[in-house]
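A.B. asks: Input: one structure, supplied below.
There are 2 protein chains.
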Amino acid sequence: MFDTARLLADAPAADHGSAASVAERAEHVLRPHRAFARLDDVATWLAAWQHTAHPAVEYPAACVFVADHGVTVEGVSAYPSDVTRAMLGALSGGVATTAVLARMLGVRLEVVDVGVGEPTANLATEAALDPEGFDRCFAAGRAAVADLDCDILVLGEMGIGNTTAAAAVCAALFGLTPEDWTGRGTGIDEATLERKVAVVRGAQARLKDAAPMEVLRCVGGAELVAMAGAAVEARSRSIPILLDGFVVTAALAPLEVMIPGALDNCIAGHCSSEPGHKLLLEKLGKQPLLDLDLRLGEGSGALLALPLVKAAAACVTEVATFEEWGLTGPR
Amino acid sequence: MFDTARLLADAPAADHGSAASVAERAEHVLRPHRAFARLDDVATWLAAWQHTAHPAVEYPAACVFVADHGVTVEGVSAYPSDVTRAMLGALSGGVATTAVLARMLGVRLEVVDVGVGEPTANLATEAALDPEGFDRCFAAGRAAVADLDCDILVLGEMGIGNTTAAAAVCAALFGLTPEDWTGRGTGIDEATLERKVAVVRGAQARLKDAAPMEVLRCVGGAELVAMAGAAVEARSRSIPILLDGFVVTAALAPLEVMIPGALDNCIAGHCSSEPGHKLLLEKLGKQPLLDLDLRLGEGSGALLALPLVKAAAACVTEVATFEEWGLTGPR
Chain A
632 MFDTARLLAD APAADHGSAA SVAERAEHVL RPHRAFARLD DVATWLAAWQ HTAHPAVEYP
692 AACVFVADHG VTVEGVSAYP SDVTRAMLGA LSGGVATTAV LARMLGVRLE VVDVGVGEPT
752 ANLATEAALD PEGFDRCFAA GRAAVADLDC DILVLGEMGI GNTTAAAAVC AALFGLTPED
812 WTGRGTGIDE ATLERKVAVV RGAQARLKDA APMEVLRCVG GAELVAMAGA AVEARSRSIP
872 ILLDGFVVTA ALAPLEVMIP GALDNCIAGH CSSEPGHKLL LEKLGKQPLL DLDLRLGEGS
932 GALLALPLVK AAAACVTEVA TFEEWGLTGP R
Chain B
632 MFDTARLLAD APAADHGSAA SVAERAEHVL RPHRAFARLD DVATWLAAWQ HTAHPAVEYP
692 AACVFVADHG VTVEGVSAYP SDVTRAMLGA LSGGVATTAV LARMLGVRLE VVDVGVGEPT
752 ANLATEAALD PEGFDRCFAA GRAAVADLDC DILVLGEMGI GNTTAAAAVC AALFGLTPED
812 WTGRGTGIDE ATLERKVAVV RGAQARLKDA APMEVLRCVG GAELVAMAGA AVEARSRSIP
872 ILLDGFVVTA ALAPLEVMIP GALDNCIAGH CSSEPGHKLL LEKLGKQPLL DLDLRLGEGS
932 GALLALPLVK AAAACVTEVA TFEEWGLTGP R
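Shown next, in the form of structure tokens:
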């Protein structure tokens, strides 16, 4: 398996000088003091990772990873696995929600098939991926980002069964009860939820002493591993990441558990209605920009938050300071 | 004074047929059932007021009304009244926050001076506007919107002292204590807050039996009255309105108190950090799209929410249905 820790250790640090410059300018633009504090902090974060005192969102990209999950044989989802392939087509064909959002927002969208029609092993009974499979998916994620020229990256996913994988990753990494991490995903009934919780409970018991990346390999599944690879590549290129929902955040969480600060180049686009997502964002210390009870995935929640990030930057760099406008400033 | 009730009574009703058509389509697009419920409801609302089953945000406009307030002599603000004129210039000159946002988002911005340098009377001691002044401001608001060709309207304001006016309007309309409605505005200290609360208490006592539009005349001030006029004109043209912060919402609240449903063509763009805003949105039954602790005004919070409204519409009209994509649909 890849030496992820080494890749992260070699990644460039944040540009604290640019961040401080943006934070300083935000204190003096034509607004009451701290009236836009939340967004000023976003602009400052963007400066740190874009390594410039003039942060901007001009050529955003989204990578959506799609795969099938063997765990669907346990009856944990409201939809059959066939839907994964249909949605792969709809994403590529421009008629899925995220394709519509990307077009509307001028975001380059890459849809990456990392195992549609070739499900991972059933995580309820064995490791979802063997070490070679893990490396292949991780490398696919890195390669998707290595090819991109972008100033901010949205990660997204689609894969019937993947909220079960995400819940299992979180339960193994952070403890608490399986119920805390397991939600209704695409909208499952009570009996399906019980089966899902049982799968997560089994995974948690099996993996309670496993290393973070081993957790990801055993229960994450292909697109979660690919997203972790994409995040590591983005970090090594100092590309800021806008996180989507529960599954994306769970896929990247092992990196933060392994090396605290590994996700400092990530902010949370939204908090979904999956109960585990709120909990996970708290564990990671990330405050979401949006909280609209969405639960689609595909990167959609992050795309919806993208205009806020773009606005945050413009509202520091393009708004005049009190001094520039010939005023003596606040207080 | 204008017969506002008559104007509202003559306004066209919502288009329930188009709304039902959009709501129906939202049930069948390529997403888990109700996964985008909050945004689907926004698309449905937009269809109702745009009177089309193909709602869209293609030519949005923002009207920002600017005026001075006599109540500033009471020492209720952190900034001198001169700042109102400076911000009028910055808004018109493209260097204020809202000007930057409007440019970024392709929003036509109209900045309307309804009394800069000619403050209304001090609401702490007399009616801020006499009936003629009220009519002049109300007509200016109507005229600003009558000239606009737009498919959605953002209302905004700037005026040193106007959170005092907004708090007084709310306290007179809805009761509760002056403290419930009075916040720190642009960032005032404790002593200033005490003076502000005292002004609001006096206004509340004086106006406790006044009719809603009379409350607006006596304590609202010029730009609040203009915004109420703009809202009435928008309603008469069935233009959907995206509400900004506390001051805008307070300016329009008398319309809803006078005729329940008068603000059905309005949704809340955000909830500001002014404590009275949250309370007021609850009174009006409006759930905000954003909640980012902003407290600028100028229409900025509504502009930040505008891409969500645009996305909500596109995510119903442009996303394929399960049937269109050759699938049997959810469950």
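Here the protein sequences come in this chain order: A and B.
The working numbering applies: residue 632 is where the first sequence begins, and numbers increase by one.
The working numbering applies: residue 632 is where the second sequence begins, and numbers increase by one.
Just so it is clear, CB atoms sit at the ideal spot from N, CA and C, and this is done for glycine as well.
All values derive from a computational prediction rather than experimental measurement.
#1: Is it the case that the Cβ atoms of Ala721 of chain B and Trp956 of chain A are separated by a distance below 8 Å?
#2: If you draw a straight line from the alpha carbon of Val940 of chain B to that of Cys946 of chain A, how long is it in whole angstroms?
#3: Kindly confirm or deny that the stretch 856-869 of chain B and the stretch 806-823 of chain B touch, where touching means at least three C-beta pairs closer than 8 Å.
#4: What residue range is occupied by the uninterrupted beta strand (DSSP E) comprising Asp744 of chain A?
#5: Glu949 of chain A CB to nearest chain B CB: under 8 Å?
#6: Starting from Ala692 of chain A, trace the beta strand (DSSP E) both ways and give me its first and last residue.
#7: Name the chain A residues whose beta carbon is nearer than 8 Å to that of Asp922 of chain B?
#8: Near Arg962 of chain B, which residues of its chain fall below 6 Å by C-beta distance, leaving aside the five closest residues on each side in sequence?
#9: Go through its chain and collect everything with a Cβ distance to Asp922 of chain A's Cβ below 7 Å, but skip five positions before and after it.
#10: With H, G and I counted as helix, E and B as strand and the rest as coil, what does DSSP make of Cys897 of chain A?
#11: When the Cα of Thr635 of chain A is compared with those of A:Gly706, A:Ala668 and A:Ala770, which residue comes out closest?
#12: Secondary structure at Arg962 of chain B, three-state DSSP: helix, strand or coil?
#13: DSSP on Val863 of chain B, reduced to helix/strand/coil?
#14: When you check each C-beta in the stretch 816-841 of chain B against every C-beta of chain A, which residues fall closer than 7 Å?
#15: Classify Val688 of chain B as helix, strand or coil using the three-state DSSP reduction.
#16: Against chain B, does Thr813 of chain A count as a neighbour if the rule is that its beta carbon must be under 8 Å from one of theirs?
#17: Give the range of the beta strand (DSSP E) segment to which Gly787 of chain A is assigned.
#18: May I ask you to list the residues that DSSP assigns as paired with Val660 of chain A?
#19: Just checking: is the beta-carbon of Ala676 of chain B within a distance shorter than 8 Å of some beta-carbon in chain A?
#20: Going by DSSP, which residues form a beta bridge with Leu873 of chain B?
#21: Closer than 8 Å, CB to CB, is Trp956 of chain B near chain A or not?
#22: Indicate the three-state DSSP secondary structure (helix, strand or coil) for Leu923 of chain B in the structure shown.
#23: Would you mind telling me which residues of chain A sit closer than 8 Å to Arg926 of chain B, beta carbon to beta carbon, in chain order?
#24: Inspect the beta-carbon positions of Asp1011 of chain B and Gly746 of chain B and report whether they are closer than 8 Å.
#25: Which residues in chain B sit within 9 Å of Cys902 of chain A, going by Cβ to Cβ distance?
#26: How would you call Gly748 of chain B, buried or exposed, if buried means at least 16 neighbouring beta carbons within 10 angstroms?
#27: So that I know if they touch, is there some Cβ in chain B lying closer than 8 Å to that of Ala721 of chain A?
#28: Is it buried or exposed for Glu655 of chain B, if we count other Cβ within 10 angstroms and need 16 for buried?
#29: Would Arg716 of chain B count as contacting chain A if we go by Cβ distances under 8 Å?
#30: Take Pro750 of chain B as the anchor and find which of B:Gly701, B:Leu760, B:Gly772 and B:Ile870 has the nearest alpha-carbon.
#31: According to DSSP, is Asp811 of chain B part of a helix, a strand, or is it coil?
#32: How many Å lie between Lys917 of chain A and Val742 of chain B at the Cα?
#33: Contact criterion: CB-CB distance below 8 Å. Does Thr728 of chain A meet it with respect to chain B?
#34: Looking only at its chain, what residues have a beta carbon closer than 7 Å to the beta carbon of His685 of chain B, apart from the 5 residues adjacent to it on each side?
#35: I'd like the list of long-range same chain contacts for Asp682 of chain B, defined as Cβ closer than 7 Å, with 5 residues on each side in sequence excluded.
#36: Short of 9 Å Cβ to Cβ, which residues in the stretch 729-742 of chain B face chain A?
C.D. replies: This is what the structure gives:
#1: yes
#2: 20 Å
#3: Taking a contact to require three or more Cβ pairs closer than 8 Å, the stretch 856-869 of chain B and the stretch 806-823 of chain B do not qualify as touching.
#4: Arg739 to Asp744
#5: By the rule that beta-carbons nearer than 8 Å mark a contact, Glu949 of chain A touches chain B.
#6: Run containing Ala692 of chain A: Ala692 to Val697, per the beta strand (DSSP E) assignment.
#7: By Cβ distance, chain A contributes Asp922.
#8: Note that Arg962 of chain B has pLDDT 45, beneath the 50 cutoff, so the model's placement of it is unreliable and the number below is only indicative. Nothing listed; no residue qualifies.
#9: His901 and Cys902
#10: strand
#11: A:Ala770
#12: Since pLDDT at Arg962 of chain B reaches only 45, below the 50 mark, its modelled position is unreliable, and the value read off the structure follows with that caveat. Coil at Arg962 of chain B, not helix or strand.
#13: helix
#14: Identification of residues in the stretch 816-841 of chain B having a C-beta nearer than 7 Å to some C-beta of chain A yields Thr817 and Gly818, given in sequence order.
#15: DSSP, read as helix, strand or coil, puts Val688 of chain B in coil.
#16: Taking 8 Å as the CB threshold, Thr813 of chain A stays off the interface with chain B.
#17: In this chain, the beta strand (DSSP E) harbouring Gly787 of chain A covers Leu784 to Met789.
#18: According to DSSP, residue pairing for Val660 of chain A in a beta bridge involves A:Thr952.
#19: The question names Ala, yet the displayed sequence has Trp at residue 676 of chain B. No, Trp676 of chain B lies away from the interface with chain A (no Cβ there is under 8 Å from its Cβ).
#20: For Leu873 of chain B, the beta-bridge partners assigned by DSSP are B:Val785 and B:Ile898.
#21: yes
#22: Correct three-state label for Leu923 of chain B: coil.
#23: Pro663 and Ala666
#24: Any answer about residue 1011 of chain B is impossible in this case: the structure gives chain B only from 632 up to 962.
#25: The premise fails here: Cys902 of chain A is roughly 11 Å from chain B at the closest Cβ pair, so nothing lies under 9 Å.
#26: exposed
#27: yes
#28: exposed
#29: no
#30: B:Gly701
#31: helix
#32: For Lys917 of chain A and Val742 of chain B, the distance between alpha carbons rounds to 37 Å.
#33: It does; some Cβ of chain B falls within 8 Å.
#34: Thr948
#35: In the sequence under discussion, the amino acid at residue 682 of chain B is His, which differs from the Asp named in the question. Closer than 7 Å at the Cβ level, and outside the excluded window around His682 of chain B, lie Asp646, Ser649 and Ser869.
#36: Here the close residues are Ala730, Val731, Leu732, Arg734, Met735 and Leu736.
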